[in-house]
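Mind the numbering: the sequence shown is residues 0 to 84 in numbering that gives the first Met the number 0, read in order. For glycine and all other residues, C-beta sits at the position ideal for the given N, C-alpha and C.
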Amino acid sequence: MCQKCVDAVKRWFPKVRRKDYGDLLMSATAFPMAGPAYIEKQLKGMARKGITTVAAAAAYAGEQMERDMEKIRLRTRRPSEGLRK
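1. Below 8 angstroms, how does it come out for the region 19 to 30 and the region 0 to 11: are there three or more Cβ pairs, yes or no?
2. Less than 7 angstroms between the C-beta atoms of A46 and A27, yes or no?
3. Using three-state DSSP, classify K9 as helix, strand or coil.
4. Give me the Cα-Cα distance between M0 and P31, rounded to the nearest whole angstrom.
5. The alpha helix (DSSP H) with D19 in it runs from where to where?
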């Protein structure tokens with residue numbers, strides 16, 4: 000993982016152990032697909048919501064993903080879908 004991502008974890012999740020940095024980044028952020036600025040934005044947003052653990056961050060990210068996927072499903076559903084009984 001890049002140093003900027005490590006620095007962001009240290010800054011926004013100071014209680015997370017170094018050995019758990021990878022778990023936090025992989026389970027709760029867009030790492031490794033996004034750059035460090037976006038990763039920091041995600042970590043900062045979670046920290047400001049009071050999320051402080053890897054488990055809580057992963058759960059929050061999962062909830063966000065489900066919400067976003069539902070929006071996509073609703074946008075791409077054909078008008079006739081959902082009318083069948």
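Put simply:
1. Because the criterion of three Cβ pairs below 8 angstroms is met, the region 19 to 30 and the region 0 to 11 touch.
2. For the purposes of this step, residue 46 is taken as residue 47 along the sequence shown, with counting starting at 1. For the purposes of this step, residue 27 is taken as residue 28 along the sequence shown, with counting starting at 1. Going by C-beta atoms, A46 is not nearer than 7 angstroms to A27.
3. As a first step, residue 9 must be located in the sequence shown, where it is residue number 10. K9: helix per DSSP, three-state reduction.
4. In the sequence shown, the residue the question calls residue 0 occupies position 1. In the sequence shown, the residue the question calls residue 31 occupies position 32. One C-alpha to the other measures close to 8 angstroms.
5. Start at 1 with the first residue of the sequence shown, and residue 19 comes out as number 20. First-last for D19: undefined, no H or E at that position.
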